[in-house]
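See structure below.
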Amino acid sequence: MTRTPSPGRPVARARKALLCAALLAVTVQTAAVPAAAHEAARPRGSECARTARPLGGESREVLGITQKAKADLHLKSVEVKVTRGRREVLTDALGESMTGVPAEPDMHFRAGSVVFSYVGTALLQLVQEGRVRLDDTVERWLPGLPKANRITLRMLATNTTGLHDYVTDPAFLAELEAHPFRHWTPQQLLAYPYSHSFWYEPGTNWSYSHANYLLLIQALEKITGTRIDRFLRERVTGPLGLDNTRNNFTPDIPRRVLHAFTSERGLYEESTFWNPSWTTAPGAVITTHICDLARSARAIGSGELISRRSYRTLINPGTVGLGHPTARCPATVCLPQTEAKHFGLGVIVINGWVLQNPSFSGYAAIQAYLPSKRLAIAVSATKTKDTPDGNMAEVVAQRIAAALAPEAPLAVG
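Structure representation (structure tokens):
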């Protein structure tokens, strides 16, 4: 199925898809893969499987909510895992990865901005150890960064530098849309924000920019002398046992793969292996599966790897109260950071939920944790040609949260 793109429409669609992380040829009909061949690709020792039947009351309720959401939103697939503490409520996968290939819980997908929560946690570990301070300026590690003597590690981690976001730059969007398989270097990406003046003086306001985390990762590599993929493996994914969460230096995805499709260029097409190098720094471009994502939600959201003091910084590093439009920074960019909804240190906090919500190139996901209920929700979703724009994994998670924790709405949008 194909549609002729309307003039100006693809960039707008791309912008909507790419921005979900802030707060990202003709349709190929893939031949069905025989079930036996697909099962042969299952990694040995995989433990990410559907919850055993029959389902109990709460598990059955969550499954029903997920099934209805999949139908309402016209989703191709939905993968979900919900836990309370260490108790599984539900693990399941609905729909198809490709035509004739059922979605399975152990299929891998792109996790995008989830890595920023790992970077924030690892940075706080270094602070605890006295190796750096959050308010250290970055000129010794990032001498080429404009205003480096006024920008701190905290500002990079909390999006308070004032740097433009290359993901919203029309010139970047046009290039990305025209060449989705292009490999991007950090220098090429940073050229876009560096071509603009700062929205505001560093530390005085709030605005989301992918450039901040690209730069923070570069600084961490220089501080530690360790490549970021190895650093995060040592500090976060290794200790948490996230063996199916890993960096990829190429567009490849470890098998088994949950395939993605999108209409963001104006026609419905497969986007599974579009090059994700633009999303962040090399070494931090991660894939995962739904079980690792739920474990990640609980660990990051509870501060499992950091001290109580560091956890308080993680969920409010000084952003609350920032974010206001000015003559130079429009209300669509400098967004208010309130107690109820604000950006933490690599995480987003909404009504007590601690989360991250990647969405780009046909993939959408969310990891969310509510400490007061010890409730973790992980959802991944892929699209049909009729799926609405935006991160539909968020919508599924919101409906589950409304049933399990109605006093704390997961109001991401």
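The numbers in the numbering used here rise by one with no breaks, and the one at position 94 of the sequence shown is 94.
Beta carbons: idealized from backbone N, C-alpha and C, even for Gly.
Model, not experiment: these values are computed from the prediction.
N-terminal and C-terminal residue of the beta strand (DSSP E) that residue i is part of
i	result
Lys68	Looking at the DSSP string, Lys68 is not in any beta strand (DSSP E); the run it does join, the alpha helix (DSSP H), is 57 to 72.
Thr382	375 to 383
Arg84	75 to 84
Ile286	286 to 288
Lys341	341 to 343
Opposing strand residues paired with residue i [DSSP bridges]
i	result
Gly362	None, per the DSSP bridge assignment.
Asn248	Beta-bridge pairing links Asn248 to no other residue.
Tyr369	Val354, Ala376
Met98	Val101
Ile253	BP columns for Ile253 are empty, so no partner.
Leu90	Val82
Phe261	Glu270
Ile348	Phe343, Leu355
Arg418	In the structure as shown, the chain begins at 1 and stops at 413. Residue 418 is therefore absent and cannot be evaluated.
Thr137	Thr152
CB contact flag (residue i, residue j, <8 Å)
i	j	result
Leu314	Gly120	yes
Pro186	Leu145	no
Ala368	Ala397	yes
Leu232	Ala122	yes
Trp206	Gly352	no
Ser113	Gln337	no
Asn244	His108	yes
His196	Asp386	no
Ala219	Leu124	no
Leu305	Ala299	yes
Glu221	Ile228	yes
Pro409	Ala403	no
Glu394	Arg265	no
Cys48	Asp106	yes
Thr272	Ala260	yes
Ile350	Ala411	yes
Leu134	Arg154	yes
Ile400	Val62	yes
N-terminal and C-terminal residue of the alpha helix (DSSP H) that residue i is part of
i	result
Ala403	392 to 404
Gln188	186 to 194
Ala178	170 to 178
Glu221	210 to 224
Ile151	It is not in any alpha helix (DSSP H) - Ile151 carries neither H nor E in the DSSP assignment.
Val127	114 to 128
Phe231	228 to 232
Tyr311	308 to 315
When the options are compared against residue i, the one with the closest alpha-carbon
i	options	result
Lys147	Val132, Asp135, Leu163	Leu163
Thr51	Leu410, Arg298, Ser302, Cys291	Cys291
Leu242	Tyr208, Thr250, Thr288, Asn248	Thr288
Glu96	Ser302, Ala71, Leu258, Leu63	Leu258
Pro202	Leu75, Thr319, Gly352	Thr319
Phe249	Glu269, Asp389, Ile151, Thr279	Thr279
Tyr208	Thr160, Gly301, Lys68, Arg84	Thr160
Arg182	Pro336, Glu270, Trp274	Trp274
Pro358	Lys68, Val115, Asp72, Val62	Val115
Ser59	Leu73, Ile306, Ala284, Val80	Val80
Thr226	Ser361, Ile300, Leu126	Leu126
Glu269	Trp184, Glu234, Gly362, Ser380	Gly362
Thr83	Ala378, Pro388, Arg399, Ala402	Ala378
Tyr200	Leu335, Lys222, Thr224	Leu335
Thr262	Ile348, Glu339, Ala364	Ala364
Ser277	Arg53, Arg150, Leu189	Leu189
Pro330	Ala411, Phe198, Val138	Phe198
Val101	His179, Pro239, Arg256	Arg256
Val138	Asn212, Lys68, Glu88, Asp72	Asn212
Supposed close pair residue i, residue j - CB separation, criterion 8 Å
i	j	result
Leu94	Ala103	6 Å
Ala381	Ser77	7 Å
Asp165	His210	6 Å
Tyr194	Ala171	About 13 Å separates the two Cβ atoms, so there is no contact after all.
Gln128	Ser302	Between Ser302 and Gln128 the Cβ distance is about 16 Å, and since that is not below 8 Å, they are no contact.
Ile217	Val132	Not quite, the Cβ-Cβ distance comes to about 14 Å (not below 8 Å), so this is no contact.
Distance cut-off 7 Å: residue i Cβ against heavy atoms of the ligand GDP
i	result
Trp274	The ligand GDP is not part of this structure, which contains no ligands at all.
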